[in-house]
Amino acid sequence: MSAGINTYKTDLREIFFALFEQFGFGQVAGQAPYDAWGPDEAKAVLSETYRFAREVLGPLNSVGDREGCRVENGSVLTPTGFKDAWKKLYEQGFKTVAVSPEHGGQGAPMMLQVTVEELLSGANTAFNMYPGLSFGAAEVIAECGTKEQQHLFVERMLNGTWGGTMCLTEPHAGSDVGAAKSTARRNADGTYNIRGTKIFISGGDHDMAQNVIHLVLARIDGASPGTKGLSLFIVPKLRINKDGSSGQANDVSVGSIEHKMGINGSATCVLNFGESDGCLGELVGTVEHVGMSQMFKMMNGARIAVGIQGVALASAAYYNAVDYAKDRKQGSHFTKWKDPTAPRAAIIEHPDVRRMLLDIKSHVEGIRALIIKLAMHLDKARQLAGKDDEAATYHKGQVELLTPLVKSYGSDQSFRLCAQAIQVYGGAGYIQDYPVEQYTRDSKIFSIYEGTNHIQAMDLVGRKLGQAGGMHFQQFMGDVGAFVEAHREHAVYGEAVKLLASAQEALMSSAMTVFSWSQDGGKFPLIPLSANRFLNMMSEVAVGWLLLDAALIADKAQGALSADHPDRAFYEGKKYSALYYARNVLPNVEQAARLIALEDTSPMEITDAAFASV
Numbered sequence: 001m002s003a004g005i006n007t008y009k010t011d012l013r014e015i016f017f018a019l020f021e022q023f024g025f026g027q028v029a030g031q032a033p034y035d036a037w038g039p040d041e042a043k044a045v046l047s048e049t050y051r052f053a054r055e056v057l058g059p060l061n062s063v064g065d066r067e068g069c070r071v072e073n074g075s076v077l078t079p080t081g082f083k084d085a086w087k088k089l090y091e092q093g094f095k096t097v098a099v100s101p102e103h104g105g106q107g108a109p110m111m112l113q114v115t116v117e118e119l120l121s122g123a124n125t126a127f128n129m130y131p132g133l134s135f136g137a138a139e140v141i142a143e144c145g146t147k148e149q150q151h152l153f154v155e156r157m158l159n160g161t162w163g164g165t166m167c168l169t170e171p172h173a174g175s176d177v178g179a180a181k182s183t184a185r186r187n188a189d190g191t192y193n194i195r196g197t198k199i200f201i202s203g204g205d206h207d208m209a210q211n212v213i214h215l216v217l218a219r220i221d222g223a224s225p226g227t228k229g230l231s232l233f234i235v236p237k238l239r240i241n242k243d244g245s246s247g248q249a250n251d252v253s254v255g256s257i258e259h260k261m262g263i264n265g266s267a268t269c270v271l272n273f274g275e276s277d278g279c280l281g282e283l284v285g286t287v288e289h290v291g292m293s294q295m296f297k298m299m300n301g302a303r304i305a306v307g308i309q310g311v312a313l314a315s316a317a318y319y320n321a322v323d324y325a326k327d328r329k330q331g332s333h334f335t336k337w338k339d340p341t342a343p344r345a346a347i348i349e350h351p352d353v354r355r356m357l358l359d360i361k362s363h364v365e366g367i368r369a370l371i372i373k374l375a376m377h378l379d380k381a382r383q384l385a386g387k388d389d390e391a392a393t394y395h396k397g398q399v400e401l402l403t404p405l406v407k408s409y410g411s412d413q414s415f416r417l418c419a420q421a422i423q424v425y426g427g428a429g430y431i432q433d434y435p436v437e438q439y440t441r442d443s444k445i446f447s448i449y450e451g452t453n454h455i456q457a458m459d460l461v462g463r464k465l466g467q468a469g470g471m472h473f474q475q476f477m478g479d480v481g482a483f484v485e486a487h488r489e490h491a492v493y494g495e496a497v498k499l500l501a502s503a504q505e506a507l508m509s510s511a512m513t514v515f516s517w518s519q520d521g522g523k524f525p526l527i528p529l530s531a532n533r534f535l536n537m538m539s540e541v542a543v544g545w546l547l548l549d550a551a552l553i554a555d556k557a558q559g560a561l562s563a564d565h566p567d568r569a570f571y572e573g574k575k576y577s578a579l580y581y582a583r584n585v586l587p588n589v590e591q592a593a594r595l596i597a598l599e600d601t602s603p604m605e606i607t608d609a610a611f612a613s614v
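Note that UniProt numbering has the sequence shown beginning at 1, numbered continuously upward.
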């Protein structure tokens, strides 16, 4: 792949459909607190973001992959062009679209911000991680910090003057955050001396901002063990002077950067805090020992962001694969396969290539719909708070329920779909002349960071299903059931809707089975053994539902168009995305339910020695 050549592409028409036709952006925008926004403003922002993604970020994607980051004189240097792109990103306001005007933002609905993030991540995932983490860290301080902390840090972190990170993981403790050994010692002036080592810190250091503000989990001397004893600290790379400028070094050093499978333009750092006992931090807010609950505010947002990364790369891989399939000629048309003199056909005419492309298309559209639906719930919860608390609670509950689905299903499918795009290309996709091999490498991390997908599955079955006495899950199932009842006799989609109904029934049966295990101590190990399968089942029901909903909207819209209208083909695509997914994916839910009911414990019964004889 040539240096500096843009390979990113997407279909804004598809994004516009999800925002405006399926999820009613126009019904959310134009009302407080989104008074200044409407469809025209949103389309203008997305069009300009897409231009920036293609012209600025896209050409740097392969550059960052090839060059990676490097450490010189204790500081990380980012790939060629990243620093200039950072400046342009913030000058044009792409990262503050949904930020409150109180903090220098534009106050748009989150529905718009998630689609902006898809375009930025799809063009250059590694680059977009730096501002993404800054955004998340600033949100924590905005929500949990003191007024002074909000004034000092938030706007500077949101406008790109300062960067930000989240520092949880330690060498001996990956997902086991409660085993953290980093310490904090109280000082007489209210600050804390921070000491410890954090690993796998994305964007842990870079040369694009004046300073980097680390959010560090550490245990105050004498605090209890486990996660309940952790506190969260603001630890700048450079100490902050009284006038808000960056001052002397704060005894935060880069131990090394990781050499990774993908996202090579993102500096994944080992950070050492207080090696010379000179690292000062301040508590986020005023309460000690609540660090995990504060950090989870960032992690929940980060998990949604990972789902966005997933659909962004799968989408980019899809549109590149479609273009290649239309252009690449190989073999004769399948109807003339015995005729050696038949002209060579574009590979998009071959049945299996068409199957692979439709499989990617349907998943990308469905996962994008799931993400925008989640963002819609966020927006409506904010709008209705204090006005209709019952409705606001419903929307908040759906955000809680859907977050692990977005993160886990979005990331698992991203890796699979990017790899399938390689298969569309054949051998050409495996080499670096085309972008899909980088997309595949970059996407693998999504199922691992911000809480592995098994953690997401355990969060779903262990916490989210039972939240509010199971009300959130029951409301989700009620929404699906109402859709089924309204459309099961539809002339075109009735049979597909019945497949959704069967999948819904299988999901409910499995939910009851999992609940019964939780009441039987002897069967408790079956829960972690089946959690991933259950999350996947629920994700497939959600995506199948949203694809069919989109198809019905498209069917109605298409019926009002003239025979030669250019949108007819677009709406036809929505039809076949839904039918393919309903016929080829939804039946898997019933099979998965049968497997759960088998209560297989063989992974627990096999001895350690039996796994391998070496």
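Every residue gets a Cβ at the ideal spot worked out from N, C-alpha and C, and that includes glycine. Bear in mind that the values here come from a model prediction, so they are computed numbers and not experimental data.
Mind checking residue i: buried by the 16 CB within 10 Å criterion, or exposed?
i	result
E14	buried
S2	Here S2 scores only 44 on pLDDT, less than 50, and its place in the model should not be relied on; the value that follows carries that caveat. Answer is exposed; the Cβ neighbour count stays below 16.
R70	exposed
A342	exposed
G429	buried
T78	buried
A612	exposed
L595	exposed
E437	buried
S530	buried
T169	buried
P171	exposed
W37	buried
L586	buried
L465	buried
D388	exposed
M376	buried
L500	buried
Taking DSSP's pairing of strands, which residues face residue i in a bridge?
i	result
Y192	R186, G281
T335	Paired residues: none, contrary to the question.
R219	T183, L230
S253	N272
H214	T165, V235
L77	R70
Are the CB atoms of residue j and residue i within a distance shorter than 8 Å?
i	j	result
Q92	F52	yes
G397	R303	no
T80	V99	no
L460	L548	no
G262	R533	no
L370	V541	no
L19	K95	no
K88	V56	yes
Y576	L417	no
L60	F135	no
L384	H395	yes
P109	Y50	no
T165	G285	no
Y409	I367	yes
A111	F17	The residue you asked about is not Ala; residue 111 is Met in the sequence shown. For M111 and F17, no; Cβs fall outside 8 Å.
V290	T227	no
My understanding is that residue i touches residue j, with C-beta atoms under 8 Å, so please give their C-beta distance in whole angstroms.
i	j	result
V235	N250	7 Å
V216	F233	5 Å
L283	Y192	7 Å
G494	A305	In fact, because the Cβ distance is near 37 Å, the residues do not count as touching under 8 Å.
D205	V254	5 Å
G203	M129	6 Å
Q210	S246	5 Å
A314	Q413	7 Å
At least 3 beta-carbon pairs within less than 8 Å: the region 372-383 vs the region 499-512: The region 372-383 vs the region 499-512: no contact.
Are the region 579-594 and the region 358-366 touching by the rule of at least three beta carbon pairs closer than 8 Å? Yes: the two stretches touch, three or more of their Cβ pairs being nearer than 8 Å.
Count the CB pairs spanning the region 235-254 and the region 288-299 that are closer than 8 Å, and state whether there are at least three. The region 235-254 makes no contact with the region 288-299; the number of CB pairs closer than 8 Å stays below 3.
So, does the region 134-154 touch the region 332-348, judging by three or more C-beta pairs under 8 Å? The answer is no - the region 332-348 does not touch the region 134-154, with fewer than three Cβ pairs under 8 Å.
Answer yes if the region 115-134 comes into contact with the region 304-321, meaning at least three C-beta pairs across the two stretches below 8 Å, and no otherwise. Yes, the region 304-321 touches the region 115-134.
Does the region 473-492 come within contact of the region 512-529, defined as at least 3 CB pairs closer than 8 Å? Contact fails: fewer than three Cβ-Cβ distances are below 8 Å.
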